[in-house]
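**Student:**
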Amino acid sequence: DAKTTQPTSMDCAEGRAANLPCNHSTISGNEYVYWYRQIHSQGPQYIIHGLKNNETNEMASLIITEDRKSSTLILPHATLRDTAVYYCIVSLTGNQFYFGTGTSLTVIP
Amino acid sequence: DVKVTQSSRYLVKRTGEKVFLECVQDMDHENMFWYRQDPGLGLRLIYFSYDVKMKEKGDIPEGYSVSREKKERFSLILESASTNQTSMYLCASKAHGTFSGKEEKLFFGSGTQLSVL
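Chains as they are written, first to last, in our numbering: chain A, 1 to 109; chain B, 1001 to 1117.
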């Protein structure tokens, strides 16, 4: 499975959009991009996933570049409750999800 | 909602003890996973199981074993606990993947913080 690279930490003002980048330059054609987040002292929670097209759900939007080598998770109006560690993962088989250290997002009042 | 339940939130054991961490899921999922999480290292896969009595090693299986006698239950066993196994342990489950829709989601329990003294 392809590896991912994410910034260690980011800050975002409350009410503004949070844009979390992820590089996955070795992704193969049929690997999906997944995003999870982990709020302190809880298990990770699924946010969104996609293959080629941009995706949107009630939590976030996922923008995948045309060459699929990078993606951006967008939280359109960040709240204090969005403070968490965000993990970007790529997976082919779906049976081995390799989590890195993620991006620690702090939403500032 | 899918529920993944881990039997203990906090656990304190002595070096050399045999430790059982239990995980139960209620969604008839085929796949179950055990991860450990340590500061600065992220989540690392210990073992996973894709069916009853089936298991596969993850990245760091040494010092651990697993048991899957029933579909809904996946146990992690530390045969002889050591201090370097002090960690947060996370269980997860997932239905068979079909590369479309929600089947690919991993659902996590709340974790067990294990301290080995």
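Just so you know, even glycine gets a beta-carbon here, dropped at the ideal spot from N, CA and C. From a predicted model like this one, the values you see are computed outputs, not experimental measurements.
When you compare each of 17(A), 102(A), 97(A), 84(A) to residue 40(A) by their alpha carbons, which one comes out closest?
**Tutor:** For the residues 17(A), 102(A), 97(A), 84(A), the minimum Cα distance to residue 40(A) belongs to 84(A).
**Student:** Residues in the same chain with beta-carbon distance under 6 Å from residue 1026(B), minus the five sequence neighbours each way, listed in chain order, please.
**Tutor:** Excluding positions up to five away in sequence, the list reads 1003.
**Student:** Work out the CA separation of residue 55(A) and residue 1058(B) for me, nearest whole Å.
**Tutor:** Cα-Cα distance, rounded: 30 Å.
**Student:** Ignoring anything shorter than 3 residues or poking outside the region 1002-1033 of chain B, list the beta strand (DSSP E) runs there in chain order.
**Tutor:** Whole beta strand (DSSP E) segments, 3+ residues: 1004-1006, 1010-1013, 1019-1025.
**Student:** For a contact meaning CB atoms closer than 7 Å, what does residue 26(A) contact in chain B?
**Tutor:** Correct list: empty, because the minimum Cβ distance to chain B is about 18 Å.
**Student:** Applying the 10 Å Cβ sphere with the 16-neighbour rule, what's the burial state of residue 966(B)?
**Tutor:** Lying outside 1001 to 1117, the shown extent of chain B, residue 966(B) is not represented and no answer is given.
**Student:** Quick one: give me the first and last residue of the beta strand (DSSP E) that residue 21(A) is part of.
**Tutor:** Residues 18-23.
**Student:** Under three-state DSSP, which class holds residue 1038(B)?
**Tutor:** In this structure, residue 1038(B) counts as strand in the three-state DSSP scheme.
**Student:** Can you name the residues of chain A whose CB is closer than 7 Å to the CB of residue 1110(B)?
**Tutor:** Ordered by position in chain A, the residues that pass the 7 Å Cβ test against residue 1110(B) are 42, 43.
**Student:** Hey, out of 1012(B), 1005(B), 1008(B), whose CA is closest to residue 1083(B)'s CA?
**Tutor:** Of the candidates 1012(B), 1005(B), 1008(B), the one whose C-alpha sits nearest the C-alpha of residue 1083(B) is 1012(B).
**Student:** Quick one: list the residues of chain A neighbouring residue 1040(B), beta-carbon separation under 9 Å, in chain order.
**Tutor:** Here the neighbours are 101.
**Student:** Quick one: what's got a C-beta closer than 8 Å to residue 1045(B)'s C-beta in the same chain, skipping five residues either side?
**Tutor:** If we look at residue 1045(B) and ignore the five residues flanking it on each side, its Cβ neighbours are 1033, 1034, 1035, 1058, 1059, 1060.
**Student:** Are the C-beta of residue 70(A) and some C-beta of chain B separated by less than 9 Å?
**Tutor:** No, residue 70(A) does not count as interfacial toward chain B.
**Student:** Figure out for me which residue from 88(A), 22(A), 105(A) has the closest Cα to the Cα of residue 1043(B).
**Tutor:** Taking only the C-alpha atoms, the option nearest residue 1043(B) is 88(A).
**Student:** Would DSSP call residue 1073(B) helix, strand or coil?
**Tutor:** Here residue 1073(B) sits in strand by DSSP.
**Student:** Of all Cβ atoms in chain A, is any one closer than 9 Å to the Cβ of residue 1117(B)?
**Tutor:** Chain A, which has no Cβ nearer than 9 Å to the Cβ of residue 1117(B), makes this no.
**Student:** For residue 24(A) and residue 68(A), I'd like the C-alpha separation in whole angstroms.
**Tutor:** C-alpha separation (whole angstroms): 8 Å.
**Student:** Just to confirm my understanding: we take residue 1029(B), look at its own chain, exclude 5 residues before and 5 after, and list those with CB closer than 7 Å. What are they?
**Tutor:** Contacts found: 1093, 1094, 1095.
**Student:** If residue 104(A) and residue 8(A) are in contact, beta carbons under 8 Å, what's the gap, nearest whole angstrom?
**Tutor:** Rounded, the Cβ-Cβ distance is 7 Å, consistent with contact.
**Student:** Find the residues of chain B that neighbour residue 46(A), judging by a C-beta separation of less than 7 Å, and give them in chain order.
**Tutor:** In chain order: 1105, 1106.
**Student:** Might you give, ordered along the chain, the residues of its own chain that have their beta carbon closer than 6 Å to the beta carbon of residue 1067(B), omitting 5 neighbours on each side?
**Tutor:** Around residue 1067(B): 1075.
**Student:** Looking at the ligand GDP, does it come within less than 8 Å of residue 1038(B), judged from the CB to the closest heavy atom?
**Tutor:** Ligands displayed in this structure: none; no statement on the ligand GDP is therefore possible.
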